[in-house]
Amino acid sequence: MLTTSLPGGTWTLGGLTVTRFGYGAMQLAGPGVMGPPADRDGALAVLRTAVELGITHIDTSAAYGPTVTNQLIREALHPYPDSLHIVTKVGANRDPQGGWPPARDPQSLRRSVHENLETLGLDVLDLVNLRLGDAAGPLPGSLAEAYETLADLQRQGLIRHLGVSNATPEQVAEAQAIAPIVCVQNMYNLAHRRDDELIDALAGQGVAYVPFFPLGGFSPLQSSVLSTVAARLEATPMSVALAWLLRRSPNILLIPGTSSATHLRENIAGAALSLSNDDLAELDTIGR
Ligand SMILES: NC(=O)c1ccc[n+]([C@@H]2O[C@H](COP(=O)([O-])OP(=O)(O)OC[C@H]3O[C@@H](n4cnc5c(N)ncnc54)[C@H](OP(=O)(O)O)[C@@H]3O)[C@@H](O)[C@H]2O)c1
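Counting in this note's numbering, the sequence shown runs without a single skipped number right up to 818 at its last residue.
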């Protein structure tokens, strides 16, 4: 049984217990998530700090860099502690311009699962998310062929658990009819609340919801209400945004990204911020 002093406590993804406060490793790669980071030693230090601080959930993908982020994780942390769970995703490639073309045909998915295994130095991937849609967000359409391919790789023992990312509620339901999902990873934050209903439905089913861009992603969250609440609490807007997500629903897991160990510590402290009902009501007006 994992105990943690990290804010939010723990959550069980399938059989895997993780800290609700995790770490998103995407932006450890170079600018545009392409190539090596400017500060390689700093990137390795952030990963080691995350584990030293007790984080047991790291989010990555072989598409980051491509493969740069996975290689950094392996160099910093392999052999991995038993408690650490690395979550990866497949379904998009990179093009030379840094774009994210879909790669969801069975052959590409199999190749991508093996690329993740190899670059992370693992025999089995704990959790693989099928990334759908495109860079602008979810798109309608059947995921059956792609998700069945991953379910097949799961039966072969290469994947423990499955999830979906950048998915519509219809695609979540379609996946669940094929094989269980343990998480949905979609864009969601204080200002971007398209998935409110989905989060509540997943909470009822015991399925995790993992918001990407919890701090706004490449453009930091900006809102006068957020700034006002943060100033009143003598906290940063980022702290308020993370604390709000932990309060929003018990099935929400955080994977904020940072390339700075100082920011990582700040974010852990910030997520523990206590929000009153009045604060919550005020913050609730931002994304409505
Ligand atoms: N499934 C998908 O399609 C998908 C898409 C995007 C992302 N993701 C996942 O979601 C994770 C989180 O997304 P993200 O990292 O892009 O966005 P994010 O967590 O919303 O924001 C990260 C940005 O916030 C900055 N930041 C973090 N803490 C800070 C602090 N205390 N003070 C000032 N700036 C701070 C970081 O800069 P510094 O480096 O300077 O701290 C970085 O630029 C990714 O790492 C990735 O694993 C998944």
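Backbone N, C-alpha and C fix where the C-beta goes; we use that ideal spot for every residue, glycine too. If you're wondering where the values come from, they're calculated on a predicted model, not measured in any experiment.
Determine the direct distance from the alpha carbon of residue j to that of residue i, and round the result to whole angstroms.
i       : j       : result
Leu-657 : Ile-616 : 7 Å
Asn-659 : Thr-597 : 16 Å
Pro-741 : Asn-716 : 5 Å
Gln-642 : Ile-711 : Note that residue 642 is Ser in the sequence shown here, rather than Gln. When rounded, the distance between both Cα atoms is 19 Å.
Gly-820 : Val-548 : With the chain covering only 531 through 818, there is no way to say anything about residue 820.
Gly-787 : Thr-758 : 24 Å
Val-714 : Leu-662 : 11 Å
Leu-574 : Glu-648 : 19 Å
Gly-736 : Ser-779 : 11 Å
Glu-764 : Trp-774 : 15 Å
His-722 : Gly-817 : 6 Å
Ala-705 : Tyr-677 : 7 Å
Thr-590 : Asp-726 : 24 Å
Pro-750 : Leu-756 : 12 Å
Ala-703 : Ala-709 : 10 Å
Glu-761 : Asp-809 : According to the sequence as given, residue 761 is Ala; it is not Glu. Going by the C-alpha atoms only, they are around 12 Å apart.
Asp-571 : Met-564 : 17 Å
Pro-668 : Gln-701 : 9 Å
His-608 : Leu-614 : 10 Å
Ala-593 : Ala-802 : 32 Å
Pro-567 : Glu-605 : 14 Å
Arg-685 : Arg-640 : 13 Å
Glu-645 : Gly-595 : 13 Å
Leu-683 : Pro-767 : 41 Å
Ala-559 : Leu-650 : 15 Å
Leu-805 : Thr-679 : 43 Å
Thr-618 : Ile-689 : 10 Å
Ser-789 : Asp-569 : 9 Å
Gly-746 : Leu-546 : 28 Å
Ala-675 : Ile-588 : The amino acid at residue 675 is misidentified as Ala; the sequence shows Glu. If you take the alpha carbons of Glu-675 and Ile-588, they lie about 27 Å apart.
Ala-555 : Leu-784 : 12 Å
Gly-562 : Phe-748 : 9 Å
Provide the residue span of the alpha helix (DSSP H) that contains residue i, from first to last.
i       : result
Asn-820 : The structure shown does not extend to residue 820, since the chain is modelled only from 531 to 818, so the question has no answer here.
Asp-653 : Neither: Asp-653 is in no alpha helix (DSSP H) and is coded neither H nor E.
Leu-669 : Unbroken run through Leu-669: none, as it is neither H nor E.
Leu-813 : 807-814
For the beta strand (DSSP E) that residue i lies in, which residues bound it at each end?
i       : result
Leu-775 : Premise fails: Leu-775 lies in the alpha helix (DSSP H), 767-778, not in any beta strand (DSSP E).
Trp-541 : 540-543
Leu-546 : 546-549
Mind the definition here: the region 531-542 touches the region 591-606 only if three or more C-beta pairs lie below 8 Å; say whether that holds.
no
Report the residue ranges of all alpha helix (DSSP H) runs contained in full by the region 677-760; include only those spanning at least 4 residues, in chain order.
699-708, 726-735
Tell me, please, whether the region 551-569 touches the region 693-706 by the rule of three or more beta-carbon pairs shorter than 8 Å.
no
Runs of alpha helix (DSSP H) wholly within the region 558-625 (minimum 4 residues, chain order):
570-582, 598-607
So, do the region 619-630 and the region 575-583 have three or more beta carbon pairs nearer to each other than 8 Å?
no
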